[in-house]
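Just so you know, we're using our numbering here: the sequence shown kicks off at 29 and counts up by one. One structure is given below, encoded as structure tokens.
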Amino acid sequence: MTRWHLSTRSSLLLLVPLLVALGVVALSRPPDARAAQPETAQPETGQPATEETEVDVELGAQLYQRDCAFCHGADGRGTSRGQSLTEVGPAEAHYAITTGRMPIQAVGDERRRR
């Protein structure tokens with residue numbers, strides 16, 4: 029019986045640190061972003077739940093003229109330096125703006141990424 033007792037004790041001595049390590053790893057991972065965010069109701073129109081104001085539109089227009097119009101044109105219809113934005117949806121625009129990754133037409137045209 030002593031032999032079984034030593035074997036069990038050795039197993040426990042190996043198992044406890046393993047369980048502690050697994051617990052530390054599990055707790056150190058960030059929680060799932062979707063689980064942390066409450067769901068927001070979308071109107072049936074498919075439009076965002078927030079309303080834009082005239083100030084938002086004006087600030088957006090200023091930002092576009094400052095940072096985007098050089099390549100995409102003052103009206104967003106594109107130039108030789110950048111594609112037309114008239115057919116770009118909100119998801120594609122959000123991705124390009126937040127990541128700084130836009131389709132580049134020529135290798136030398138690549139802008140510095142954010």
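Where a beta carbon is used, it is the ideal one built from N, C-alpha and C, also for glycine.
Start-to-end residues for the alpha helix (DSSP H) that takes in residue i
i      : result
GLU115 : Neither: GLU115 is in no alpha helix (DSSP H) and is coded neither H nor E.
CYS99  : 97-100
Member of the options whose CA lies at the smallest distance from the CA of residue i
i      : options              : result
GLY117 : PRO45, GLU82, GLY104 : GLY104
ASP95  : ALA124, VAL52, LEU43 : ALA124
Cα-Cα separation between residue i and residue j, rounded to whole angstroms
i      : j      : result
ALA97  : GLU79  : 25 Å
GLY88  : ALA102 : 13 Å
GLY106 : GLN90  : 17 Å
LEU46  : THR81  : 56 Å
ARG129 : HIS122 : 10 Å
LEU55  : SER108 : 51 Å
Exposure of residue i, with buried meaning 16 or more beta-carbon neighbours within 10 Å
i      : result
HIS100 : buried
GLY110 : buried
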